[in-house]
Amino acid sequence: MAEGLQFEESIRKAMEMAYLTDEIAALREEIVGTLKVQPGERVLDIGSGPGLLAKDLAHCTGATGSLRGLDMAENMLAAARKLCAEQSQVEFERGDAMSLPYQDLNFDVVVSTQVYEYVEDLNKAVAEFGRVLRLGGRGIIVDTDWSVPYWNAVDPGLRDRIVKSWSEHCSQEAVPMRLSTAIRSANLQIKNLRVIPLLNQEFNESTFSYWMTKIIGSFVLGRNGIEQSDIDHWIGGLQKLSHNGDYFFCINRYLFEVVK
Ligand SMILES: C[S@@+](CC[C@H](N)C(=O)[O-])C[C@H]1O[C@@H](n2cnc3c(N)ncnc32)[C@H](O)[C@@H]1O
């Protein structure tokens with residue numbers, strides 16, 4: 063297992079804030095509504111992060127079911143444990159999506175949202191997802207293609223450098239485009255594939271892209287010659303666009319509904 067994945071606390075918090083925005087809360091609602099988890103079912107959330115989806119899914123399993131959340135980052139696990147402290151059916155543990163510490167056919171439902179862009183081997187990770195899902199089980203995988211955000215800027219050249227540098231956070235390129243093959247290779251069927259656009263027309267604390275600039279800024283600083291003054295200039299430009307009513311951000315997430 064890769065050791066020591068840890069998010070700086072300010073970045074972990076920014077990620078949590080991004081995931082608390084209305085657009086991501088709506089995506090969680092869509093996932094919960096699609097999966098229709100029943101009381102008593104056994105659910106696994108791979109890369110459970112702050113635990114927001116885990117909490118909602120555990121609400122559906124009730125105390126007779128179980129929710130296991132797995133993540134590589136200790137501070138994500140700590141935040142998730144705190145969030146779900148009241149739910150006795152929930153357990154979070156440290157582990158790697160590429161080598162799940164569970165038996166074959168162990169879960170009724172498996173989910174993994176926004177995780178596979180980080181794993182070293184997409185096929186291996188999705189094979190693990192398929193391995194632990196029982197026959198007749200169902201699941202959801204969600205991922206984003208960060209190479210193509212539709213994002214206005216006062217300095218498009220700088221925006222392009224920042225976005226290109228940010229795409230280096232993905233150890234896998236173009237994950238959504240490669241997921242269909244990986245899913246089929248894992249002996250899973252794609253029941254439905256849909257695109258979920260995240261659209262912001264304002265740059266403020268209530269929007270996903272606002273929080274993403276904190277995460278992106280921290281990641282790209284020092285990469286490909288990007289300095290703090292570049293990041294400040296980029297963010298200042300976004301504030302100005304928003305102030306003038308010209309702000310525009312759109313990115314697509316892809317939701318794969320799978321069955322085994
Ligand atoms: C962007 S967050 C998504 C969190 C959560 N799934 C959600 O959608 O709210 C990605 C999470 O995946 C975890 N992660 C990254 N690589 C992983 C791996 N190989 N195995 C397990 N977790 C991993 C990170 O620690 C982080 O918590």
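When we follow our numbering, the leftmost residue of the sequence shown carries the number 63, and every step to the right adds one.
We treat Cβ as the ideally placed atom computed from N, Cα and C, and that holds for glycine.
C-alpha distance - residue i paired with residue j, whole-angstrom precision
{"i": "G127", "j": "A116", "result": "13 Å"}
{"i": "K186", "j": "K98", "result": "27 Å"}
{"i": "R104", "j": "V171", "result": "6 Å"}
{"i": "P238", "j": "I252", "result": "13 Å"}
{"i": "Q290", "j": "A248", "result": "43 Å"}
{"i": "I313", "j": "R130", "result": "30 Å"}
{"i": "D133", "j": "Q263", "result": "32 Å"}
{"i": "M138", "j": "H231", "result": "18 Å"}
{"i": "G284", "j": "I278", "result": "12 Å"}
{"i": "E179", "j": "F318", "result": "15 Å"}
{"i": "L125", "j": "F169", "result": "Before going on, a small fix: residue 125 reads as Ala here, not Leu. Approximately 16 Å, taken between the alpha carbons."}
{"i": "D205", "j": "D308", "result": "27 Å"}
{"i": "A88", "j": "H295", "result": "31 Å"}
{"i": "A236", "j": "W273", "result": "22 Å"}
{"i": "T123", "j": "D107", "result": "13 Å"}
{"i": "V188", "j": "F154", "result": "20 Å"}
Collapsed DSSP secondary structure at residue i in the structure displayed
{"i": "P101", "result": "coil"}
{"i": "K322", "result": "coil"}
{"i": "R285", "result": "coil"}
{"i": "S110", "result": "coil"}
{"i": "Y316", "result": "strand"}
{"i": "N168", "result": "coil"}
{"i": "G131", "result": "strand"}
{"i": "E85", "result": "helix"}
{"i": "F310", "result": "coil"}
{"i": "L119", "result": "helix"}
{"i": "T96", "result": "helix"}
{"i": "G298", "result": "helix"}
{"i": "E78", "result": "helix"}
{"i": "V210", "result": "coil"}
{"i": "S72", "result": "helix"}
{"i": "L162", "result": "coil"}
{"i": "D183", "result": "coil"}
{"i": "E267", "result": "coil"}
{"i": "V124", "result": "Residue identity check: residue 124 is Gly in the sequence provided, not Val. Three-state DSSP puts G124 in coil, outside helix and strand."}
{"i": "N249", "result": "coil"}
Minimum C-alpha distance to residue i - residue among the options
{"i": "T175", "options": "E155, N168 and I203", "result": "I203"}
{"i": "V255", "options": "R240, G198, V210 and E264", "result": "Position check: residue 255 holds Leu in this sequence, whereas Val was assumed. That would be R240, whose Cα lies nearest to the Cα of L255."}
{"i": "G113", "options": "A135, A125 and G124", "result": "A135"}
{"i": "G109", "options": "G199, A125, G157 and G124", "result": "G157"}
{"i": "Y316", "options": "E153, W208 and A76", "result": "W208"}
{"i": "E182", "options": "K302, S233, I224 and A141", "result": "S233"}
{"i": "G95", "options": "G111, E71 and H121", "result": "H121"}
{"i": "G199", "options": "Q100, I73 and S304", "result": "Q100"}
{"i": "F270", "options": "M77, E71 and L197", "result": "M77"}
{"i": "A140", "options": "L119, M160 and G111", "result": "G111"}
{"i": "I258", "options": "I73, K75 and E91", "result": "E91"}
{"i": "F265", "options": "I224, W213 and S242", "result": "W213"}
CB-CB length for residue i against residue j, believed under 8 Å
{"i": "V173", "j": "I93", "result": "7 Å"}
{"i": "V152", "j": "L250", "result": "The pair is not a contact, with the Cβ atoms about 25 Å apart (cut-off 8 Å)."}
{"i": "N286", "j": "S227", "result": "5 Å"}
{"i": "P211", "j": "F69", "result": "The Cβ separation is near 21 Å, so there is no contact."}
{"i": "A244", "j": "L167", "result": "That pair is no contact at about 19 Å."}
{"i": "E85", "j": "L260", "result": "5 Å"}
{"i": "T275", "j": "L300", "result": "7 Å"}
Neighbour flag for residue i against chain B, beta carbons, 8 Å
{"i": "P112", "result": "Absent here is chain B; the protein component of the structure consists of one chain."}
The region 214 to 223 touching the region 181 to 192, judged by at least three CB pairs closer than 8 Å: no
The region 80 to 91 touching the region 140 to 159, judged by at least three CB pairs closer than 8 Å: no
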